[in-house]
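This report concerns only the one structure given below.
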Amino acid sequence: MNAEAIKQDSHIKKVILSEEEIRQKVSETGRLISEKYAGKPLMLVSILKGSFIFLADLCRSLTIPCEIGFMRVSSYYEGTSSSGEINIIMDLDRDVSGYHVIIAEDIIDTGRTLNDIIDRMKKKGPLSVEVITLLDKPERRLVPLKADMSLFEIPDLFVVGYGLDCGERYRNLPYIAEYSE
Ligand code: IMP
Ligand code: MG
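Going letter by letter, the sequence shown gives residues 3 to 183 in the numbering used here.
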C-alpha cells in the first residue's frame, strides 16, 4: 500500500512509530538475540497474523541460524475490542522439544492471548521459552505478564500497521499509526 495514500485515510490519525524507528529497533534486537542464542538450536515462533512482518524482519536481522514456526490464534474478532476468548486456529507443525523457543508477538494488550500461548508452549517441552513483543500496552494488562523483550511501550491507543490490523485492514502499512473510529 502506498504509505502516503493511506495517510489520507480519515481513520489514520497519526504515525506513532516510523519505518526507520522500527527498523533500528528490530536490528538492535536481532543483534541481542544473536549474541544470546549463538550455538544454540533456536526456533522463532510467529503468532499469526499480526506478527508476520515483525518476524520476517527480525529473522533477517539475526546473524545465527534459526528455524521458523507459525501459530495462529484469534483473540480479537472484529473492530477494536477484545473478545476475551482465545482460539488456536493453527498449531505448530513442529516438535519443539530440542529447541529454545522465542515467541514473537505483535502486541501485548490485556495479556490474555500470550498467557495462554505460553502455557501451551511450555507443555510442548522446549529447552526454554522466551517472549518477544514488538509493542506493549502495559496500562491495559488484565493478567500479569511481562515480555522478556519488548521493543516499544505505547500508551492505551488502538494502533495499526506493520502487521497489525483493524478488521483485517492496514496490515500492510510500513509504519505503526494510531487508528480512530
Ligand atoms: P491481548 O490478549 O488482549 O493481549 O490481545 C493481544 C492481541 O490483540 C494482539 O495479538 C492483537 O492481535 C490484538 N490487539 C491488541 N491491541 C491491538 C491494537 O492496538 N491494534 C491491533 N491489534 C491489537
Ligand atoms: Mg496478534
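We put the beta carbon where it would ideally sit given N, CA and C, even for glycine.
Bounds of the beta strand (DSSP E) holding Lys15 are Ile14 to Leu19.
For the 9 Å CB-CB criterion, Leu46 and Cys61 form a contact. Excluding its 5 nearest sequence neighbours in each direction, Val145 has C-beta neighbours in its own chain below 8 Å: Thr112, Gly113, Arg114 and Asn117, listed in chain order. Counting the other CB atoms within 10 Å of its CB gives Asp158 a total below 16, which places it among the exposed residues. With respect to Ile156, Ile134 sits apart: the two C-beta atoms are not nearer than 9 Å. The residue from Val17, Ser63, Asp59 and Glu21 with its alpha-carbon nearest to that of Leu34 is Ser63. Pairwise C-beta distances place the region 10-25 out of contact with the region 89-106, as fewer than three of them are shorter than 8 Å.
For Phe160, the distance from the CB to the nearest heavy atom of the ligand IMP is below 8 Å. Glu30 and Ile120 have their C-alpha atoms roughly 24 Å apart. Under the 10 Å beta carbon count, Gly41 is surrounded by fewer than 16 other beta carbons and is classified as exposed.
Across the set Arg74, Cys68 and Lys27, the C-alpha of Arg74 shows the shortest separation from the C-alpha of Gly52. In this structure, the C-beta of Cys68 stays at least 8 Å away from each heavy atom of the ligand IMP. Burial state of Ile91 is exposed, judged by a 10 Å Cβ sphere holding fewer than 16 other Cβ atoms.
Contact annotation, Val161 with Leu137: C-beta distance approximately 7 Å; criterion of less than 8 Å satisfied.
The ligand IMP has a heavy atom closer than 8 Å to the beta-carbon of Thr112. Assignment of beta-bridge partners to Phe72 by DSSP yields Ser48. Under the DSSP assignment, Asp97 falls outside any alpha helix (DSSP H); it carries neither an H nor an E label.
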